[in-house]
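Its first residue numbered 1, the sequence shown is counted upward by one per residue in the UniProt record's numbering. Think of the CB as a built atom: it goes at the ideal place given N, C-alpha and C, for glycine as much as any other residue.
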Amino acid sequence: MSPRVRMSVARWLPSSPAHGKTKSRRSSSAVRPTLLVIAVTVIAVLLVAVVFGGAGRWTLSGGGDTSWVSAGARVVINAVSGQQRDGDDPVAAAVEPRNDRLLGGLLSPDFDDSSCLSRYRAGLYRRQSPHAVSPHLVASLRRYESIHRRCGPGTSAYERAVERLRSPPPSNTSDAECRYLVWTPLEGLGNRMLTLTSAFLYALLTDRVLLFHHPAGEGLRDLFCEPFPGSTWTLPEGDFPFSGMQGFNARTRESLGNALRRGEGAAKDHPPPPPPWMYVHLRHDYNRNANDPRFFCDDGQDALRRVGWVVLLSDNYFVPGLFLVPRFERALSRMLPRRDAAFHHLGRYLLHPSNTVWGMVARYHASYMACANERVGIQVRSFYWARISTDELYGQIMSCAHGENILPRVTQQGPNFTAAGDQPQPAARPGRRKAVLVVSLHGAYSERIKDLYYEHGAAGGESVSVFQPTHLDRQRSGEQLHNQKALAEMMLLSFSDVVVTSAASTFGYVGHGLAGLRPWVLMSPLDKKVPDPPCRLAATIEPCFHNPPNYDCRTRAKGDTGKIVRHIRHCEDFENGVQLVD
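Written out as structure tokens, the structure reads:
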């Protein structure tokens with residue numbers, strides 16, 4: 001028994017009074033048997049309560065309120081229910097604040113639980129986050145919520161802002177009462193969640209109200225909960241002055257790049273009246289225009305500062321780029337002192353699955369994952385620019401899983417029969433239970449992993465169960481049910497204790513980012529073959545910014561974004577991209 005366990009047990013025992021004199025060795029020895037009897041009795045009572053009172057109801061990882069369970073009782077309950085992981089300190093694991101529904105102040109308490117079941121429950125399904133939330137981030141979030149409540153849709157301030165957009169005054173020299181950032185969806189759900197989170201951080205930094213554009217046919221209804229108390233983030237379509245925002249591109253006249261090319265917004269002493277709205281083009285091709293990358297420079301922000309409405313179109317996780325803007329440096333260092341936890345914190349604040357999606361998540365987790373000692377997530381995605389056969393990719397997955405001790409190797413011997421009656425000997429007591437969640441558009445990988453352990457069995461007595469919620473064959477981002485299932489799988493992936501993901505996959509970025517885990521990354525193939533090594537442990541939990549600006553604001557010339565500041569470097573899984581490190 002470790003010293004910390006003895007301390008936990010000691011809290012159950014009556015302490016000896018220490019009034020002046022210290023007891024002799026003999027008297028201490030006489031008390032010791034009595035204390036031992038009391039300790040054994042207490043433990044026996046707890047064991048009986050667990051067995052006959054329903055151990056399943058006392059499960060500490062099931063998401064229920066367990067604040068009433070003492071630390072010592074948790075040690076015993078975890079030991080009996082098989083939930084204590086090898087190598088974990090039992091007392092340290094027991095006293096984790098699993099009932100912290102607000103995630104260290106990250107979430108606002110001003111919501112009705114029933115309106116969004118996932119908001120206060122999802123965190124209870126995940127491992128305890130090792131990344132503390134900065135008080136400055138908490139203060140910034142509460143301040144933003146106040147702004148959104150005052151300026152959001154349905155308020156008089158919003159109505160006045162829309163009217164100014166519809167009919168701009170002839171000499172608009174005053175700053176807007178409220179300023180807005182309209183986010184428009186692009187590409188698959190993973191890209192959308194990453195760009196939406198990036199847009200929210202930009203809104204935090206610039207005091208803009210983030211509005212979620214729901215174009216018809218994009219399958220975004222009943223997907224996310226409202227993230228801001230007392231208001232909505234959905235852009236009202238009926239009375240908005242213009243449409244067709246998804247068709248904006250680098251040639252759009254109102255784009256920031258074109259405004260900078262024309263010299264607009266450059267004057268600081270006597271600036272001209274700002275335009276009523278401006279478009280920011282951050283799609284994957286934005287580097288083709290020499291001026292669009294200047295969004296990540298101070299002069300680009302000067303041009304946007306007084307504009308009432310900004311429309312953003314991006315398929316990139318551009319949070320690392322915001323760390324390049326000099327005027328944002330101080331605010332970012334206070335809000336996110338651990339730069340490599342930016343998406344982890346912002347994503348858990350912003351992205352809450354709707355009750356429909358959460359129902360899928362909770363049912364699947366209860367059926368297949370809740371009883372496991374360890375949950376392993378394997379996310380598989382192949383790309384046209386990194387082709388590899390199914391056999392090669394399966395071999396890569398298993399080489400990684402076995403080589404890094406993520407999954408046990410298999411036994412090569414058959415059943416052990418007795419010589420007399422050809423009856424199999426009783427199986428050894430089962431060891432740890434591993435639930436393997438495979439997330440892929442195709443079912444071949446999960447079926448082969450399942451067959452492997454079915455035909456041979458796991459070495460070391462471990463039990464391996466393999467599950468895959470869906471295999472939809474192809475991505476259909478415009479379908480609501482498809483997006484709901486994809487979001488459910490991202491959430492399930494985020495409940496993993498260990499994650500294996502495919503290189504450059506935004507789906508995988510979201511899953512391990514919400515979990516706060518550094519993933520094992522399946523590296524891209526070389527000449528359609530498995531690379532050596534097959535996988536690497538990522539240096540950070542942060543997603544990769546696949547298309548960073550190729551512009552150095554200081555020199556006003558082309559530059560390598562991965563070498564400008566210390567805390568931004570090139571991604572291991574996508575060499576042209578950059579990511580935040582600490």
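- Under DSSP, D552 shares a beta bridge with A557.
- Relative to G300, the option among D552, F242, D113 whose CA is nearest is D552.
- Spatial neighbours of G457 in its own chain (CB-CB distance under 8 Å, excluding positions within 5 residues in sequence) are listed in chain order as V410, T411.
- With respect to R327, D298 sits close: the two C-beta atoms are nearer than 8 Å.
- The beta carbon of M369 lies closer than 8 Å to those of R375, A435, L437, F467, L492, F495 in the same chain, with the five residues before and after it left out.
- For G511, the enclosing alpha helix (DSSP H) begins and ends at 506-515.
- In the structure shown, T501 falls within a strand segment according to DSSP collapsed to helix, strand and coil.
- Short of 8 Å from the beta carbon of S156, and not among the five residues preceding or following it, lies no beta carbon of its own chain.
- Shortest Cα-Cα distance from V133 to any of D315, R334, L481 involves R334.
- In the three-state reduction of the DSSP assignment, R208 falls in the coil class.
- By the Cβ test, the segment 338-354 is in contact with the segment 533-544, since at least three Cβ pairs between them sit closer than 8 Å.
- By the Cβ neighbour-count rule, Y384 is exposed, with fewer than 16 other Cβ atoms within 10 Å of its own.
- CA-to-CA, the gap between L517 and P275 works out to about 43 Å.
- The closest CA to that of F507, considering only L204, R330, L441, is found on L441.
- Checking the DSSP bridge columns, you'll see M491 has no partner listed.
- The Cβ atoms of F224 and S354 lie closer than 8 Å to each other.
- Put simply, the backbone Cα of N249 is about 12 Å away from that of L186.
- The Cβ atoms of V280 and L312 sit closer than 8 Å to each other.
- If you check the CB distance, L196 and W277 do not come in under 8 Å.
- DSSP places Q579 within a strand segment (E or B) once states are collapsed to three.
- If one requires a minimum length of 3 residues, the beta strand (DSSP E) runs lying completely within the segment 332-383 are 374-379, in chain order.
- If you look at A435, you'll find it in the beta strand (DSSP E) that goes 433-439.
- If you keep only unbroken beta strand (DSSP E) runs of at least 3 residues inside the segment 444-473, you get 463-467.
- With fewer than 16 neighbouring CB atoms inside 10 Å of its own CB, G263 falls in the exposed class.
- The beta carbon of L452 lies closer than 7 Å to those of V410 in the same chain, with the five residues before and after it left out.
- Within its own chain, the residues whose Cβ lies closer than 7 Å to the Cβ of H136, once the five positions on either side in sequence are excluded, are R334, M335, listed in chain order.
- Within the segment 94-176, no run of beta strand (DSSP E) at least 3 residues long lies entirely inside it.
- Taking a 10 Å sphere around the C-beta of T561, we find 16 or more other C-beta atoms and assign the residue as buried.
- Nearest neighbour of R363 by Cα position, chosen from R306, Q246, A386, K485, turns out to be K485.
- Your pair V498 and L522 does not check out as a contact, with CB atoms roughly 14 Å apart and the cut at 8 Å.
- Distance check between R127 and each of I388, H471, D100 places D100 closest, using alpha-carbon atoms only.
- About 13 Å separates the CB atoms of H570 and G559; that is not less than 8 Å, and the two are not in contact.
- In the three-state DSSP reduction, Y202 falls in the helix class (H, G or I).
- Between L107 and R121 the beta-carbon gap is near 11 Å, outside 8 Å, which marks them as no contact.
- Within the same chain, Cβ atoms closer than 7 Å to the Cβ of Y394 are found at Y445, R448, the five residues on either side in sequence being excluded.
- Annotated as distal: D112 and G230, with beta-carbon spacing of 8 Å or more.
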